[in-house]
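Taking it in order: structure first as structure tokens, then the write-up.
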């Protein structure tokens, strides 16, 4: 039980840290809250998003659960993320903050990706994780990596490629805070090989210095995996 309390405490520390980023980054939300809702009949329109009418708002709109539960990492990456972004936690709407738990199997990895709308504050809770990020072309794609142990962390700038891999023995757990309620996620490999409609394979082959047949094989593999994941959620 103490483990759960500690992990949640770490979560809230990340949230506070991200709040300081927000204050320096934008003007803040235009009202105290704006709970996202899909049903316009129960909504008012505020700041470009339908928000739940205050008379329908309850305390449950501002609470979340589940981040203390280890996720299933039985997949090709040995990795799973439990997000508390606006989709899973509508009360975050307009608040400029989000959280996530990351579970890694031994050797599991979170492949290179980036968040188009948020800086990420990454903290290891259990195990040893090698994490890093890559700067832009302006900085000659300089990369920074470091092995992080429990209680240690790293910041990934908005829009920068970053990644993490469990290099310790046994499973690893990390928590992340974001300074946007909808950080967005773009995995590099998926964006190249699982685009819909597909990116021209000849173009990719030239850009990546690969054979066109190799590119097409990767496109087929990523597409098959994507369709398989989609069917599992139906």
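Residue numbers (the numbering used here): 3 to 236.
Glycine is no exception: its CB is placed at the ideal position from the N, C-alpha and C atoms.
For residue 86, the three-state secondary structure derived from DSSP is strand. Look at the beta carbons and you see the region 142-158 touching the region 111-129: at least three pairs across the two are nearer than 8 Å. Its chain contains 217 as the residues whose beta carbon lies nearer than 6 Å to that of residue 206, once the 5 sequence neighbours on both sides are disregarded; these appear in chain order. Rounded to the nearest angstrom, the Cβ distance from residue 166 to residue 111 is 7 Å, consistent with a contact under 8 Å. Short of 8 Å from the beta carbon of residue 75, and not among the five residues preceding or following it, lie these beta carbons of its own chain, in chain order: 81, 82, 105, 106, 107, 110, 173. Per DSSP, the beta bridge partners of residue 133 are 148, 166. Taking residue 171 as reference, the option from 132, 160, 201 with the minimal CA-CA separation is 132.
Distance between residue 197 and residue 58, taken at the CA atoms: about 39 Å.
Between the beta-carbon of residue 180 and that of residue 162 there is about 13 Å, and that puts the pair past the 8 Å contact cut. Following the DSSP letters along the chain, one finds residue 178 inside the beta strand (DSSP E) bounded by residues 174-180. When the Cα atoms are used, residue 183 and residue 118 turn out to be separated by approximately 12 Å. Cβ atoms of residue 100 and residue 87 come within 8 Å of each other, at about 5 Å.
In this structure, the alpha-carbon of residue 114 lies about 20 Å from that of residue 231. Within the same chain, and ignoring the five residues on either side of residue 200 in sequence, the residues whose Cβ sits closer than 6 Å to its Cβ are 221. In the displayed model, residue 81 falls within a strand according to three-state DSSP.
At a Cβ-Cβ threshold of 8 Å, residue 157 and residue 123 count as neighbours. DSSP places residue 195 in the uninterrupted alpha helix (DSSP H) bounded by 190-195. Here residue 64 carries a helix assignment [DSSP, helix/strand/coil]. By the 16-neighbour rule on beta-carbons within 10 angstroms, residue 208 is exposed. Going by C-alpha positions, residue 43 is about 25 Å away from residue 66.
By alpha-carbon distance to residue 102, the top candidate from 84, 89, 96 is 84.
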